[in-house]
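Chains as they are written, first to last, in our numbering: chain A, 1 to 662; chain B, 1001 to 1319; chain C, 2001 to 2224. Note that the Cβ used here is the ideal one computed from N, Cα and C, for glycine as well.
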């Protein structure tokens, strides 16, 4: 059975590659969804069977060596997420896909699957780039204005950068199959270079700060079922590549300082992403920024795992990695759910700007309930999956001082505080998202006329909400599936959870019992309802809102005066003044005309992501300068051209000489 | 037998927390009134208020959704669940295994989020003001809370509240600087979380300064009763928590010797009333601060938490 | 420092040292001029308690004298004089932070971390007590300097300076065998400094009608 899994999964992925050619759009989507579902079930069966590692060399691919595919616990864990989300997104796409995305969509899923199934450098880079290019095409399909096209182009640039970093990273590891690389782990500057290249190449795909700038616009521009996959699954594939390199291919003998870049990147990204999620007005931008935050939290878990492994604290390493894996699964599911819901809002309420939404709970009850479930995960409220993941990550960072070294301990306590800040900011963003977008009164006539999406979308939303609930209530059970991954990466170690219901930082310790908390909540709610039912006057009267005696709206404003309601910008105002001023360079100007002047008063606000201002724009200027330089090179005299070629030759020889010395 | 006794203690704890919550609010209110030279309402007044509210038929805004009607129950259930996790007179209750500190923080967030969402459901300006300010305060409170938990976890090795309190009660930790810092940080957090002066004024109905009251503005009848009782329960929860950490003595064991429970209950009552009076004195001697100074106030709590952790590192030579 | 003292002596001296440090943060946090002076007085009281406790623990009676001097001079006389001064000169009621309150607190935490990182490796052989007290004292010194540079008002700068000096005394009392002479001279120095600054106040007040030292900068730039 398990020997059968790898060839079957590989061929299912290959069929997905061909599905883009399907003549009929609906049939293609149904087939994609079906294949994803089948592959997901197969992966689940493989994981339940204990996930024995297997490899499959193929004659096609790189001349001479072909390609090698393989599967183990780690790749199967991420495959499960990709296929499951792929199935849900395909079903949802039946409802709203205009057909433009048909050819590239199965290709995108296949690219992710191939990346996860790769067992040598060539296959991994091939899959990774297939995934990048397919998703670039998908982002471009809805790029109608210049800003969206710019987002897509920036995205393509980042994809090229990814390949440009991953190929030399594999070269530094010696190339060939993963097994060969494991046999000769790098050390010294080579290992450091691999760390840097992987963090840039795969980390940018995962949305690690400060290379996250491309992510929000690209995820917001893509069609929603694609953004669900990009945010839910593709970022996790980037995370998988980082884990594969740092915890597997580079071997266990890496120094303690490897953890520092990950902790710094994670804490910075978490706070920045969560803060930006509070500032953005576009529904999908809010969600994309919160993806940056969640990937930052996962990077912190990974950092703890690396630090603990460097000091032989395998139990702590397992805890950090458990947190990362569990949160990856939980976040993938609820973020997919939220993006699909955002797509439903965009199609059926006509806009995704929070400034024009409101009151959707009356017109789109099922969508709102599903979004509420997703937002609860985003806010990490118990007993959701998001809480279980963040709980484990917090346990990991709280135990991290055991690694030792006063400097590292100081880092851990600052990181813990920043994590808590990010978590609370995410909760604020979730409350704002639901409160402004779905509750209250409609802010535009189009939002007042919103309708519920069709049956396929609704079923996808309900299905994803169900899975979020399962992850939330039974995190220990779900983590049993991650056991093979931990055993593969940290020999002799299983997951931290001892029983299926309990999540605990170490064996024989009390922990988080999601079912118990849920039961306690249910018991309390039931008791309240019972107590109220017997003795209290039933029912209620309705009247216009009290609002401190503000009074009912005039008849020509059937939904009340929209300006008297708190909006997306006003809700974020306290945070903008207190935090964003320092972190996002948020500035606000008020142009107040003097009394007697009939000019309207103007209020405007700006903010900028520090990574954009500090890294990308100088990068863009350097690119301009470089292209200008190349432009001039074309018009050199023959003598100068020869000088250039000669100096390149001399430099090359010098480099060879230096390398032979070492 | 032990299990049954523990269950009995748990039920008794729930009844005590629910029954005493309005009394604590009433005591704080009447002590404040005395300090200001007024006679003030008797300490039992909150019970009468609650009874009056429960009897009345609620009036709900026309465009309120199901969420508006469900939120008070959800918020109160979360608060009650949180109260079940904080031991009052006895440790080792049935809920001891669930009583994780981070879970406790999560439950409090759940309670806050339910009310904040309900406040925005009707679409009034005041609900939005309250929700926006409350979530902003929470953003600054959360890091301080986690650092407090960090300190406990370093000292005791777990974030389980019951284990932490047992270690404190046994006195093996000594009189630690970090614990002193943590208690001050917790007090600042309690003031902010419960919307007391100087962060928020529980007695105000001046539109522009209110935070918690603004969120409950559209509620009436039994819904308002649930919210008020929830707020009282939250105050009692924080006071119990701080009392248990600051004065960890006299806590009984739930699993045995019910005769000792009485001592535990009496000591808990004394600690709670004492802290309530301290709160009343503090509130009377200080003015409410501007909304944008609250982050600074909570920043001090973060700082105390950071110092607590840092001092633990150097004093333990922790490795 | 011998380590054979019971746990209580260790904990209590540590606690008092921390109280001094926390009150240093209090100086950074306060916005009202009078509250800054009160906080400074409280810090002096905490310092006096720390000195007295050290005197008891070390069996060094001269430290009691230190405690009494600290309490009388810095805990009572100087604060009262300063409050009088504020009344008489009609100094503005709020301090003018050159740096935001929140930022200066964050910087303060960074300075404490720095002090710990500096002191710990240097004093590694010593017992815990000296190590921590030295770290505490250095933190208080650094925070005093931070108060001096992050506030515009001349009065708060004087207080920053005196709080810095509190840090030095905290270091001195926690090391056994500190002679009283030094302490007395330091106290006298403070009094002198106080008088000098007091005269300054009068002169500044006479010419600029404010105690904002930004005026000095403006004048020097005018002459340049």
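C-beta atoms of residue i and residue j nearer than 9 Å
i	j	result
residue 680(A)	residue 1097(B)	Because chain A is modelled from 1 through 662, residue 680(A) falls outside the range shown and cannot be assessed.
residue 349(A)	residue 338(A)	no
residue 465(A)	residue 403(A)	no
residue 114(A)	residue 126(A)	yes
residue 2150(C)	residue 2099(C)	yes
residue 1068(B)	residue 1230(B)	no
residue 423(A)	residue 1142(B)	yes
residue 106(A)	residue 9(A)	no
residue 263(A)	residue 277(A)	no
residue 1275(B)	residue 1302(B)	no
residue 443(A)	residue 452(A)	no
residue 1078(B)	residue 1108(B)	yes
residue 186(A)	residue 172(A)	yes
residue 1306(B)	residue 417(A)	yes
residue 1017(B)	residue 1084(B)	yes
Terminal residues of the beta strand (DSSP E) in which residue i lies
i	result
residue 1144(B)	Note, residue 1144(B): premise wrong, no beta strand (DSSP E); alpha helix (DSSP H) at 1125 to 1156.
residue 605(A)	602 to 606
residue 222(A)	First-last for residue 222(A): undefined, no H or E at that position.
residue 588(A)	587 to 591
residue 1093(B)	Premise fails: residue 1093(B) is in no beta strand (DSSP E) and is neither H nor E.
residue 467(A)	No beta strand (DSSP E) contains residue 467(A), which is instead part of the alpha helix (DSSP H) from 455 to 473.
residue 1015(B)	Counting along the chain, residue 1015(B) falls outside any beta strand (DSSP E), though it belongs to the alpha helix (DSSP H) covering 1002 to 1035.
Candidates the options: closest to residue i by CA position
i	options	result
residue 388(A)	412(A), 474(A), 303(A) and 440(A)	474(A)
residue 2028(C)	2113(C), 2174(C) and 2094(C)	2094(C)
residue 261(A)	248(A), 275(A) and 242(A)	242(A)
residue 1200(B)	1294(B), 1093(B), 1078(B) and 1127(B)	1294(B)
residue 1123(B)	594(A), 623(A), 573(A) and 548(A)	548(A)
residue 1080(B)	659(A), 524(A) and 429(A)	524(A)
residue 563(A)	436(A), 659(A) and 25(A)	436(A)
residue 552(A)	1115(B), 1101(B), 1061(B) and 1264(B)	1061(B)
residue 1309(B)	239(A), 36(A) and 400(A)	400(A)
residue 2104(C)	2026(C), 2018(C) and 2155(C)	2026(C)
residue 284(A)	144(A), 228(A) and 104(A)	228(A)
residue 2119(C)	2107(C), 2071(C) and 2132(C)	2132(C)
residue 672(A)	12(A), 611(A), 206(A) and 223(A)	Since the displayed chain A opens at 1 and closes at 662, residue 672(A) lies outside it and no answer follows.
residue 168(A)	188(A), 502(A), 197(A) and 148(A)	197(A)
residue 377(A)	334(A), 600(A) and 448(A)	334(A)
residue 1093(B)	1073(B), 1004(B), 1133(B) and 1041(B)	1004(B)
residue 20(A)	3(A), 111(A) and 60(A)	111(A)
Residue range of the alpha helix (DSSP H) that includes residue i
i	result
residue 2169(C)	2154 to 2174
residue 1068(B)	1066 to 1085
residue 1105(B)	1101 to 1121
residue 725(A)	Here chain A has residues from 1 to 662 only, and residue 725(A) is not among them.
residue 447(A)	445 to 448
> Fully enclosed by the region 326 to 407 of chain A, which alpha helix (DSSP H) runs are 4 residues long or longer?
Replying inline: 360 to 363, 365 to 378 and 385 to 399
>> Under 8 Å, CB to CB, which of the residues in the region 403 to 420 of chain A have a partner in chain C?
In response: 406, 407 and 410
>> Please give me, in chain order, every unbroken run of the alpha helix (DSSP H) with length at least 4 that falls completely inside the region 1186 to 1221 of chain B.
In response: 1212 to 1215
> At what residue ranges does the region 129 to 193 of chain A contain a whole run of the alpha helix (DSSP H), taking only runs of 4 or more?
Replying inline: 146 to 172 and 178 to 183
> What alpha helix (DSSP H) runs, 4 residues minimum, are completely inside the region 232 to 302 of chain A?
Replying inline: 235 to 243 and 259 to 279
> What are the residues of the region 431 to 465 of chain A that lie near chain B, defined by any Cβ-Cβ distance shorter than 8 Å?
Replying inline: 431, 432, 434, 435, 436, 439, 440 and 441
> Using Cβ-Cβ distances below 8 Å, what residues of the region 2105 to 2118 of chain C are close to chain A?
Replying inline: 2113, 2116 and 2117
> In chain order, what residues of the region 1047 to 1058 of chain B put their CB closer than 9 Å to some CB of chain A?
Replying inline: 1054, 1055, 1056, 1057 and 1058
> Using Cβ-Cβ distances below 8 Å, what residues of the region 2021 to 2046 of chain C are close to chain F?
Replying inline: Given the protein chain composition of this structure (A, B and C), no chain F is represented.
>> By the 9 Å beta-carbon criterion, what residues does the region 2152 to 2167 of chain C contribute toward chain B?
In response: none
>> Extract the residue ranges of the beta strand (DSSP E) inside the region 502 to 589 of chain A, only unbroken runs of 3 or more that lie entirely within it.
In response: 541 to 543
> Using a beta-carbon distance cut-off of less than 8 Å, what residues from the region 337 to 363 of chain A approach chain B?
Replying inline: 358, 359, 361 and 362
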